[in-house]
Structures are given as structure tokens and as C-alpha cells.
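Line by line, the protein sequences give chains A and B.
Under this note's numbering, the letters of the first sequence match residues 1 to 468, in that order.
Under this note's numbering, the letters of the second sequence match residues 10001 to 11121, in that order.
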Amino acid sequence: MADPELKEVPRDCDGQHPMITPGHSLASVTEKISDVTFLPVKKMPKEWFIGFAIAFMLLQLLFLGITWLLTQGTGVWGLNVPVAWGFAIINFVWWIGIGHAGTLISAILLLFKQDWRMSISRFAEAMTLMAVACAGMFPLLHLGRPWLFYWLFPYPNSMGMWPQFRSPLVWDVFAVSTYATVSVVFWYTGLLPDLAAMRDRAKNKAVQFIYGALSFGWNGSARHWHRYEIASLLLAGLSTPLVLSVHSIVSLDFAVSVIPGWHTTIFPPYFVAGAIYAGFAMVLTIMIPVRKIYGMGDFLTERHLNTMSKVMLVSGLIVAYGYLMEVFFGWYSGNPYEKGMLNNRFVGPYNWSYWALILCNIAVPQLLWSYKIRTNPILLWIICQFISVGMWLERFVIVVVSLHRDFMPSNWDGYFGTRWDWAVYIGTIGFFLTLVFIFIRVLPMISIFEMRELVHKEHEKKHGGGDH
Amino acid sequence: MKRIEENTNFGGHSDRRPGKGDKGDRINLVEMRKTLQQLTDSQESTQFSSFSEAVGAKDFTSSVKMKMEELKDSVERRDFMKLMGASAALAGVAGCTKQPKELIVPYVDAPEEIVPGKPLFFATAFTQNGYATGLLAESHMGRPTKVDGNPEHPASHGASNAQMQGSVLNLYDPDRSQVVRRRGKSSSWQVLKREVGEVLDAAKATNGAGIHIVLRPHSSPTLAKQIEEMISGSGDANEGDEQKSWSDISVHYYEPVNRDNARKGARAAFGEVVDAVYEVEKAEVVLSLDADFLTNCPGQSLRNARQFANRRRVVDGARLNRVYSVEAMLTPTGAVADHRLAVKPSRVAAIGQAVAAKLGVGSAEVALNEVESKFVDALVKDLKDNRGDSLVIAGEQQPPSVHALAHVLNEKLGNVGHTVNYIESPVVTEDIDSSFGSLVEALSEPDAVKALFLLDVNPVYDSPADVDFAGLMANAGVAVHLGHNLDETGEICQWHIPLTHYLETWNDARAFDGSLNICQPLIQPLYRSKSILNVISFIAGKADQDIYKLIRKGWEGLVGDDPEAGWRKVVHDGVLAGSAFTPKTVKANASALDSDVAEVDADGIEITYLPDPSVYDGSYANNPWLQELPKPISTLVWDTVVFVSPATAKKMKASADGADDRSNTIPRARYVSLKIGEFKTKAAMLIQPGHADGAVTVYLGGGRRRAGNVGNDVGFDFYKIRTSAGLNIAKLSKFQRVGGQYKLALLQDHHQMEGRNHVRGTTVKGYQDNPRFAKDHHEFGHEFTMYRNTYDDIYAKGNQWGMVIDLSTCIGCNACITACQAENNTSVVGKKECLNGREMHWIRVDRYYNVPGHGKAEIAENIHDPNKVKAVVMPVVCFHCENAPCETVCPVGATVHSNDGLNQMVYNRCVGTRYCSNNCPYKVRRFNFYKFADDETEVLKLQRNPDVTVRLRGVMEKCTYCVQRINKARIEQKVHYKKPENAPEDIANRAILPEDAVVTACQQACPTQAITFGNLNSDESIKDNAATKLDQLKRHELSYNVLQEVNTRPRTSYLARIRNNNEELEATPNDAHGHHGHHDDHGHHDDHGHKQGHGDKKGHGDEKDHDNGHESEKDVKKGSH
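If you want it as C-alpha cells, here you go:
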């Protein structure tokens, strides 16, 4: 069932939906987007309150889980030998993957001049930051002695010790912290013009002051715009390799090891594709309800759903290729341990996770070949849930199912997450959602100035104007 | 010779050393000594407060007094714990010893032999079933921390078993009983002497009739003499003695796991009780009739294991013997036996009779089935071929008739005097069933028993089910219990006396061959405990005797002409040389054989009660090391369960997957109910492949109510269904599955090798056909690297440590596990964490079931046939890989490689990413998921090895190759090293250690010497022998590396297992783990490209390889019949 809001919208001259529903003027765009932030509390949609309440409760679960973990020890989780990594690493990789969409959208698509990215970039970037914040928690909590996490950083110390640079965990520290820093800077830079717009529209003195302070004195002068454009291009250039590097390096946590199921060269590209896959799914997961609740269909049109679905389909197929190659390599290697690993995935005690993963990540997303499904927000949302679960299962299969049966059968053991594993996992979802709700409330969720640019471009296009 | 200076630290007076502190507190040693002397004279004992009283540490004294008051008012264990904490703290400060009465020497000039940080070793002995095994106890500043076998002792040869290793922890058991108790409330020895003395006085008139003493069989000449003198009223009189005549006193011997069967069997065969002493090493063919003679042969197990191993060390060119085992339970002996026949326990006699009949003794006509008759035919042929060089051993739990049969067979085969000798039994005992029976009889009459002394026995827990001992005790006048813990029996006795630990008191005992041992104490009693000798001397009416003097006096005639020197020597050696009994000439009476073949009930289920391999009869139930020690073969911990064969389980609709694969979930066992007559119990069932069908086996020692905090309610109590009529083997009147599930903690969750080649082995013939079969398994013929191999340069210098484990000799007894735990302060984690797969043992003994067949279905089918299941074991320690996968992935450099080839763990640096564990292909690393180490219980601190860090929460740990011992040797070497005259300077400076300079804890304990550890770098220029033993082993054709294909270059390698099969029973080599007999065309060419650890890096390695190969091949050929 297609969204009725979109039904009547005429097609573009190139046969596609427009990126912004016609009829919007520069003023109406600013008004519509910034009004969400300036909405009086009484008029705020009740969905926000319900959602925020739930998210905030789940956040408490995170605090509880972390407190228990720190007081008792890593043993509260279901880990053991041989499965010494479990939920913490699965969740870390999962969140980091989710955090990929934003930068991809704002950086790579910016460089490729994909205008449709404009309506979703702000949102996606914010999500990236939140996901990275969630992800960043896990490597710390995961440590046996979390209070010593800073030993992973190279800093001059009285022990005369440096981190051990051969370890991919040290690479992780650099990759993730660089990614987080650049993403924050990029996102904030992009916010400046809008913060200024908010400042100008604010009626409350205090609010005006806060937005004013945050906007660093942006006044929209040509010089500002000029510098802004250069800065954002540079940052996009800087971010682009990071999009590829972060998850590649995360994948090296596994690939450099000797464990069958980890020790494989296809991990970097296949992890990056998986990250984009998961990231887009998460952007859609949040975007579809928000668009509905706040009536943002004008800016987040059928065109966006369609394009994003296509990205998911492609990245999903790359992931599927990765799965296929894993099987092929395992078989072709003739290595008994690799074969044993595959056999264990297919028919071992955790085979449910492998087959569920295939279902979620490969089978169900094939529905996206259909245009109707791609543009049906509800079905699309459901498919996104499959992908999110599937991507979590993928990490479960890689981490747990590879470890629980490795070389020597005498070591083999089982693994299940305990209630505290789940508490921390669900807690980070609460943390993520809490941040999302706060973001929606206090910052323009769609880039106002970019939408205005789009209005201008659409106008030009319609009236036969040439390129700039 | 105690440390007064240190002792002033009591109660926080650390600054009150002579010359320090204010004037009033200054210590006057002369004054002190005087005060002490007065105290000693005036009091019956100088308990821990005495010293501080002497030095006038007032607040300390008062605090202890307060504690004492508290203690008197309360009987809660909690308070005992507090007091224990206090006393232990004192003991710790005082170098863990309290002041003996006799001698006080200020520590200003330290005793010559004590160097802080350097342990001392004292010879002593451990006794079980009355047999002594010589030990060397390691003492750190007065605290015994570890025991190991005494190399001079005939029963241990330097080896030890898990219970010996664990016994040191019993000394520091926080739940140990600490004061004399009267009806549960704390009292004193003085009060006991007064009150119980009255009862004894009253019995004077009847010459002691009505006084009953119960003790375990023992072999102490002093105790025997003391009892004898007590009864006869003879012996020297001392001042203060009340001479009494106790001619009608009753002395009973009781032990739940006893040797009645062996005694009766010997009596049936020879007309008198003798002990069989085996010479396993001399036997070409050994037949075990349900005898687990390698791990459960009272007094002789270690020696048997050592001798067995001497005949199995293929690399030494041993002529392999051949072991046939007929048994029900799959025991370590059955697992290493060349041929094993699984039969119901009652069928063992019939098999033995069939063998006898074929050898021409006895007239029994036994109908054998196909498998049995094939087995018996081949066995008899082998026995006939090796007349005089064979040996038949009967299992302890088998009825006397089987023991008699074994004696007759040994005589018929001409083995007596060669592979078996008979000696007078060194153990002082009676037949326990009648001895205990007479006690029960006496107790069943009201008021017949005036005083009952239960010395180190616990019949309320472990008496036969049909004896309600607790109920009977109501008829006893006054009951006095002497025990380590306030156990089930102590709880209901009027009086309870704490028993001294064997490391706390002087004692003497005899070994299996009659050799006399002195057991010397290493520490003053931690608590107010008494030994059996103390109690007997009290009953006898002697004034408090000094046990030391008592024993010394008894030994006067034994130690030679110079009593002082002789005594010193025997105390030093631990064992009196030449004191073994001489073999007796006895004639077996062939008519002792039953001609009736016992009918075996085909449908009935038989039960065998065996002592638990860890907690024995339950005495060690409160020992966490032993509770967490995997039981051999099953790897079960923290439990005693019913072992059932897969087929028997299947009949009850319990699936065999319980035995097959549990790597997914926590194993959930089914419950079964067992009934014998009116006695029944419910217990969990463990499906044990290889167990005979129609029979179940249970380990005793579980389900204790009053063992202590560790042992309470661990496992199931099978004494509840163990009746006098069938103490060892009985018929179950009902055996069925009942509802509910139970979690079993097995340390190994997956039991099949899945076609992988970690444990490699073949038969003698397979070895002869392809001597390099173990190397054919390597996935890749040679090492491969993209880069120049730098390891050989790095590791060519200095000391380089390595280990070789011989799978032909390992019997999987698990002694190494506890030895490692004692040496390395390894934590115990408890059943719940074991279920979680978080056990902390640094060494594990893997066990795989070899079931023939291809594919799951066929294997599942064959696992139901106990005669098709074989088990192989493989000890696994850290491999100390030269190219260690764990090291490269640690982000903080907490695990690094040392120059001498050790993979080291820097606990302080570890942040706990656990990546190293994930990346270890052998999974030998252990993580402290919680703070497993108990650093709060004071008394436990005393046991810790001061040379090894106690690891805390969040830190990874693993086997270190006992780096503390390596460093000790290195320091010694540096201190004492002298450059050989003609050695070049650079080599001399390296101070290379001799290859056997370091012995690891596992190696030291190993009864079969399956573990060889040492310095691989035999530097030819400074050594006479170019190739060291370890070099030879590493270069041997049987040597292989596990997971060589991962390119880890492990320093721990294995020697493949060779079985000496009888070709008639098993023609083709088939160990079901690899391609045996498969000739690789490249087999020999491999030599050149093939780097085997260290050995081959020297150019002439190949040549040696071939030489060794041919030699051992020849020898093995000789050995095969």
C-alpha cells in the first residue's frame, strides 16, 4: 500500500519523482523544517513523547547493565573460553556498520553530486554520530579491566610502554576515533547555516542565544558561503576514504586472526558493503516514521525511498556475494578446518543463526526488485527490520559460530548471551533512540539550506534553466 | 627455632622491634623467654596467644581473649571463621608457626637453613588405605605450600597423584575444625580429659569392656605398639601415667572403601592374608580383571604406572608389553589397555574362570559369546607364550573369588616371584565387615557401649545403608569423634576433637612393600588439634605423651648403631632403607577356585561402587581443587553421578547424544532412580561410552551434608543404597528413568575428534610399516613463509625451553592438573562457572572417543557397542609457539615472547581484550571472568606459592612452563656458574643451563614421566653429548606438532601413541584418526624440507633421525609377539 501523500505527485521530466514536492518556496521550506523545533510542547506529536519515554526507559537498562558489569566483572556476560568475544563485539560491529550510512550519504554522494542526498544527509549524519557513540561504548565495556582502556592509546607514560601496533585492536582505536572526530566536524560544519537560520527564527531570547552561540556568528555572507563550500568539499574528501577504511579495519579484527571463519581476505569489502546495507536500513527505519509523523513527505519523497532501496539492494547483493565466496573459499581451500567451519554453520548447533541470516539478508531483500515495494513505506520499513536483524546475525555468525568450534574439538563449547548481554545491547538501542528523539526536537532534522538549494534547482529545471 | 623478631608484628606492633618504639614496650628477650617458660610450664598448651602475652602486647592479647570469649559463647561456624582468620593472620606474620614449647631462639641470627624466598623440602608421607607414599613437602618460611613424591621412595619414585597434591589444601581448609567441642559448644582438651576420663575410670572395673575404639586400617608401628600396650597394659610407665588394664577394650577397624576382598581372596588362595606386590615392568602380558591398577591400586598405583610406562616408552626403545583389560567402567587402565573387553562386573569372574580352564586349572565350563571367546582365545595364547612373564591383577571391587583366581592363575603361569611377590600385609587391620559388624552388634544393645571413640572415621555418612549408625549411636554412652571437620559423625557425638593434618604432626607408616617411613611435620598445628596417637595415649591413661619422643623411642632399634645419625638420616630420607618386607613363600590352593560359574542375569542391572578418583570415599569432599579436578575419561567435575552405557541409556529412552556432542548447550542429564531392596535414591545419569551394558558404575564420596562450605551437597550420595550385602558390586532391584533434568559440568563438551589428527597413533605394525606416519599428517610438508625465516637465528642462542609429551605413556590420571594448580595458584571457579566453560586449569587432559565408522549414523550406531569404543587422552599445556598468534593481536603488548622461547603473560599490563584467547588455535588461555582468586580468606593465603602472582579479575593467564622454576634455576646458574676452561668466551657468558635443570610441576607429578621438559639448546661446544634427550625426542620420527599447518611453531610437541595390539584380535591398524598405514611416497623426502621444532636446524639432524628410527623400529619389532 503506497503512501497516499505521494500518490498525486506528478513525475519529473526524467520520469522520476521529484526530490521535493512542487509548490515549495524558499520560505515554506525553512518554515516547515524549523517549525518542528519551534513547536510548542503542547503541540508536539504524542508519538514523540511515547517514543522518547520508551527510549529513555531502555536507556536506564543500559545504565543498569553497565553498573552491574563494572561491579561484578565480565563474567556477567555469557562469554567463556573458546567464545571469548560475544555480544559486545557483535554490537560494536553492528553499530559501527549502522554508522556508515551518514558519512557515505554526505561525503561520497556529495562528491558524486547526487542531489537526492540533500534531504536525508542531516538525518543520516546525526544517526552516524549516535551509532558511533553506541559502538564506541562496547570496546570499553568489553575489556576485562575497562578502567585501563587508555593503555590502547599511544601516550607518553612512566611505564615507557606503547601500544602494540601489530594488533588490529589498536588500528581500531585510530580508525574509530578518527571516524568519529571527522564525522562530528563534518556534521557540525553542515549545521552552521541552519543554526543561524534557527537563530534568526527563534522568538525566545534564550533559544536565540543558544543557537546564536552554536552558529559561530554565521551571517550568510558570500565569503561565509564560499568558505563553507570549500570546507565541506574538503571534509567530504577526507571522509570518503574513512567510510571505506573504518569498516575495513574493523573487519581486520577478524581477518588477521587464524580462526577459521575469521581468517579470510574478503572481509574488508564485504564488511563495508554490509555496513552500507545496514546503515541505509537504519536510516530508513527511523526516517519512515518521522516522515509520517512530521508530515515530511514533501521533502522525503517516493524518489528517496526508491533510491535508497536501490542502494540497499546493491549493497545487499554484494554482501550475498561475500557469503557465497566464503563458502566457495572454504570448500576450495580443502582445509579441513575451513570445511569444518562451513559445515558447522550449515548444520551445527547454531545453524539457525546462519539460515536466519540468509533469510534476512539475502532472501527477503530480493523483494526490493519491485518498484511497488521499494516505494511502499510500510513494506520497506519491514524489510529494513529484516536487514537490521540479519546484519546483527551476520556478526553473530562470524563472532560466535566461528569461535565456538575452532581447531581442537576438545575446546568446543556453547555460548548464549545472558540477560546482562541483552540489557546492554537493548540499552544501547535505547541510548540511540533517546539521542534521535532529542535531535529531532532541538535541531533541524533536514538541512534547510540544502532544501532551499533544491527548491531553486527544481525551479530551474522546470523552467528550462541551464546548469549553474 | 622460631622468629621472635617477626612475631612482634602481632596485632599491629610492627614497630616494636628491639631498639625501636618507646621504652616501655621494648622487648627484653631474656624476660620473654622466662615468661614463656613459665607459661609453658603452667599451661597444657601455649596457644597462639601465649607469645604475645609474653611480650606484653596488651591490646593484642585482649583482642584474642575477646575472640576466645566470643567463641565460647557461640557455636556458629561464622565465629570459627573469624577466629580462624585471626589465628591465620598471626600464623602468617609469624612465618606461620606457633611457638613450640621446647625451644625458643630469637631470630636475630636467622637459622642457617632458612633463606627468605628459598623454599626448603622435607620428607614426609601420605597415607591412604593404610599404605604410605613418600612425599617431599615444599616449605616457604615455615608454610608447607606443595607436596611432591619423594624420589627415594619405592611407592612414589618422585611422582604423586591428585589427592596427594590436593592434601596440602586440606591443611588450610577454612572449614577445618579448630577447637574441642562438647555437644557442639567449644570446650577444651582439659575438660574432655576430665569428663571422658570419668567414664573411662568407671570402666576400669570391667577391664575396659564397653569401651570401643574405631579407627581406619593403618600401618604405623608406633600406633600398633601403643594399642597393643594399651590392651596388654605393658609398656614403659612414665610419671603421671595411670596404669590401667584394658584387656577387654574393643578396637574396631573401619573404612568405607577397604581391602576386604583382597584380604579374603588371599586367605582363600593361600590360607593367610598376604599382599600382592606387582612388578608390572617385568610382565610381557598383563591381564586386568576389572583392576584399574594404574590409578586405583592401594599403595601401588604410582609405582604400577611408572613401571607400565617404562614398558611403553617407544622412544627409549622399550619392548612394549601388552595389557588386556576386562572391565565394566571405562577406566584409565582400560583406556590405555591394548585390548579391552567390556563386561558386566559379575561376568568378570566367568571370564577369569574361562581363562583358567583353558590354562588347565579349574573345571568351570563357561559359555562365552563370540566376542568374549575370541578375546579369551587370543589372551590365553598370549599368556601361554609368556609363561612366567605375565601378570594377572584382580580389581579391588571384585569379590574374593576373583582375587583368589588371580592368585591361582599367577601361580599356574609361573609368575610368582617374578612379576608378583607376596608379602605380609603391612597394614594393621581386621576384616572390616566383621570388625565393623561387631561394633554394630555392640551398639544395638542399649548401654553395652560405655564409650565410643571414632577416630578419623565418619560412619554416619559412609556406613552401609542397612546400618543406621546415627540411630545406633543413641545407645552409646559417650561418643568421642576425632576428625578434620565437624562432619556428619562429629555433629552427633558428644565430643569432637580436631584432628591434626599429616603435615602438622609426627607419624610413621609403612609403604606397600613394608618399607618404614617417618612422616615429619612441617608446621605446628594451626588449631588445637590432636592426632590419633594423642587420643589413644589418653585412653590408655598415659600422661600427655610427646609424639615425637614416642616415635623416636619406637625407632631406636631400627635406625642403626648411631641413634642420632640414624634418626637424622631416616627423617631426612623419609624412608628407612632396607626395611621392605621380604617376599613370603605361599602356595595357592587351586581348589579355592569356584567351579560354579556365576549366573549372570542378562536383564538385571548391576551396580559397582568405586571410590571417587578425586574425593576418594568422601574424605576430600571439602577440597575445591579435587572437586574441580576432572574425573579421568568422563571429565566430570563437582559431581558424583551414575555412569551408564549408551545402550542401557537408550533402553530407558535417554539419548546417547549426551555422550556424543554437547557443544551447543549445557548438558542436561536425566535422572534415574536406583533401588536395592528397601533402599533407593535418585541421581543424575551420565552416559559413558565404553561402559559395559547392563551395568552402572557410581563413585562414592558425593552428597555430603557436613563436609564444609565447599563439599556440602556436591554430587549424589550412593552410600544410601550401598548395603552390607553388596558393598562393591550389587544387583539393582529397580533402575529406571525418572523425570527432571540435571546439569552436569563436563570440562570437555565435545568428545570426538571429527576426523582431525590432533591425537596421532597407530599399532606396532602400523608403525613398522610407516615409521614416519605421525609426520604424514601434516597438511603442508614444510614450513612456508613469504619472508626470510628469522626464528632460527633468534632462537639459536641461550636457553631455549621446550616440552615433549609422550602419548604412549600418558594414562590420563590428571595428577598434573592438581600439581599445576598447587604450583601456580590457579583459581577454582565452582560448578556454575565450569558449566559456563570458564575453568582456570592451565593444563587440561583432552579425551577423545574413538568410534569406528564413517558418517554420523554409523558412529552413532557403534557408540552403543562398548567393545568398539576406545578412548585416547592428550594433555594440553600452552604450546609456547615461536610464532605465537596470541602475541600479535594483543593491543597493549601484555603477552610477549622471551629470549628463551617462552610465551609470557604480563598480568599487570593485561587489559582483558581476550583477543589472545580467541586467536589461540589451541585455546589454552584462561580468563579471570570474575575475581576468582580468594584473597580474603586469610588461611588460604598460607598455601599460595609466593613465587607466583595471584591473578585478579579481568586478566588473562595461562601455562608459563613454570617460569618461576626456570628463573630460580637461572639465578642459581648465574650465581654458581663457572666458565668451562676451553669454552669460548661468548658461549661461556650465556651460562646455558643443563637440559634438565628445570622440572615443571606437571612433569614432576606425572607418575608415568610422560612429560619431558628442558632446554632445547644443547650447545655442542660446551657439552659432551651433542644431542640432549629432549633434542632426540624432538627429532624422533614419532614426534609431531599439533596444528603445525597453522604455522605456530609450537615448543610443546607430542610423541605419537603406539599400541601393541594382538594381531589376532585386531588385524589391521585402525585408530580411526588418520590415514595409518598409508604410505606417502614423499615420506622420506620430507626429511629434508621438514623442520621439526628445534632439532633439525642443525645440519646433521636427518642422519640422526634415521638412526633413531631404525633402532626403535627394531626394538618395537622385538616387542611385538
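Glycine included, every Cβ here is placed at the ideal spot set by N, Cα and C.
Query: Rounded C-alpha distance that separates P10116 (chain B) from L10522 (chain B); Result: 16 angstroms
Query: Collapsed DSSP secondary structure at G10739 (chain B) in the structure displayed; Result: strand
Query: Beta strand (DSSP E) runs contained entirely in the segment 10224-10292 of chain B, provided each spans 3 or more residues; Result: 10250-10253, 10274-10278 and 10285-10289
Query: Host beta strand (DSSP E) of E10138 (chain B) (start-end); Result: Y10131 to H10140
Query: Identity of the residues DSSP links to H10897 (chain B) by a beta bridge; Result: B:N10903
Query: Span of the beta strand (DSSP E) around K10870 (chain B); Result: K10870 to V10876
Query: Host beta strand (DSSP E) of L10215 (chain B) (start-end); Result: I10211 to L10215
Query: Cβ-Cβ distance between L10443 (chain B) and N10410 (chain B) below 7 angstroms; Result: no
Query: Neighbour flag for E10858 (chain B) against chain A, beta carbons, 7 angstroms; Result: no
Query: Three-state secondary structure assigned by DSSP to D10660 (chain B); Result: Because D10660 (chain B) sits at a pLDDT of 39, beneath the cut-off of 50, its placement in the model cannot be relied upon, and the following sentence gives the value as read from the coordinates. The answer is helix: DSSP assigns D10660 (chain B) an H, G or I state.
Query: Distance CB(Q10736 (chain B))-CB(S10673 (chain B)) smaller than 7 angstroms; Result: yes
Query: Short CB-CB distance (under 7 angstroms) between D10617 (chain B) and chain A; Result: no
Query: CA-to-CA distance, G297 (chain A) to I120 (chain A), given in whole angstroms; Result: 12 angstroms
Query: Bridge partner(s) assigned by DSSP for K10675 (chain B); Result: B:K10680 and B:K10734
Query: Boundaries (first-last residue) of the beta strand (DSSP E) holding M10803 (chain B); Result: W10801 to D10806
Query: Supposed contact pair Y10915 (chain B) and C10881 (chain B) - C-beta distance, whole angstroms, cut 8 angstroms; Result: About 15 angstroms; that fails the 8 angstroms criterion.
Query: Supposed close pair L11065 (chain B), F10308 (chain B) - CB separation, criterion 8 angstroms; Result: Rounded, the Cβ-Cβ distance is 20 angstroms, inconsistent with contact.
Query: Helix, strand or coil at D10466 (chain B) according to DSSP, with G and I counted as helix; Result: coil
Query: Residues near K10058 (chain B) in its chain [Cβ-Cβ closer than 7 angstroms; skip 5 each side]; Result: Per-residue confidence for K10058 (chain B) stands at a pLDDT of 47, beneath the threshold of 50, marking its modelled position as unreliable; the derived number appears in the next sentence. Within the same chain, K10058 (chain B) has no close Cβ partners at all.
Query: Status (buried if at least 16 other CB within 10 Å, exposed otherwise) for H247 (chain A); Result: buried
Query: Span of the alpha helix (DSSP H), counted from its first residue to its last, around C384 (chain A); Result: P377 to F396
Query: Residue span of the beta strand (DSSP E) that contains W147 (chain A), given as start and end; Result: It is not in any beta strand (DSSP E) - W147 (chain A) carries neither H nor E in the DSSP assignment.
Query: Stretch-stretch touch, CB-based, cutoff 8 angstroms, three pairs: the segment 10596-10612 of chain B with the segment 10526-10540 of chain B; Result: no
Query: Range of the contiguous beta strand (DSSP E) that encloses H10496 (chain B); Result: W10495 to P10498
Query: Within chain A, the residues that L11043 (chain B) reaches when beta carbons sit closer than 7 angstroms; Result: F407
Query: For C11002 (chain B), the three-state DSSP class (helix, strand or coil); Result: helix
Query: Endpoints, the beta strand (DSSP E) within which D10508 (chain B) is located; Result: N10507 to R10510
Query: Inter-residue Cα distance where the pair is I10605 (chain B) and V10644 (chain B); Result: 10 angstroms
Query: Span of the alpha helix (DSSP H), counted from its first residue to its last, around D10148 (chain B); Result: D10148 (chain B) -> not in any alpha helix (DSSP H); beta strand (DSSP E) instead, spanning R10143 to G10149.
Query: CB of T11008 (chain B) within 7 angstroms of CB of A10305 (chain B), strictly; Result: yes
Query: Best match in B:V10428, B:D10447 and B:K10743 for proximity to G10210 (chain B) [C-alpha to C-alpha]; Result: B:D10447
Query: Distance, V10179 (chain B) Cα to K10146 (chain B) Cα; Result: 26 angstroms
Query: H11090 (chain B), DSSP secondary structure in three states; Result: Residue placement at H11090 (chain B) cannot be trusted, given a pLDDT of 35 that sits under 50; what the coordinates show is reported in the next sentence. Residue state, collapsed to three classes: coil.
Query: Inter-stretch contact at 8 angstroms, needing at least 3 Cβ pairs: the segment 144-158 of chain A / the segment 236-244 of chain A; Result: no
Query: Candidates A:H304, A:F56, A:F209 and A:I249, of which the one nearest A124 (chain A) by Cα; Result: A:H304
Query: Listed by chain order, chain A residues near R10925 (chain B) by CB distance under 9 angstroms; Result: V81 and A84
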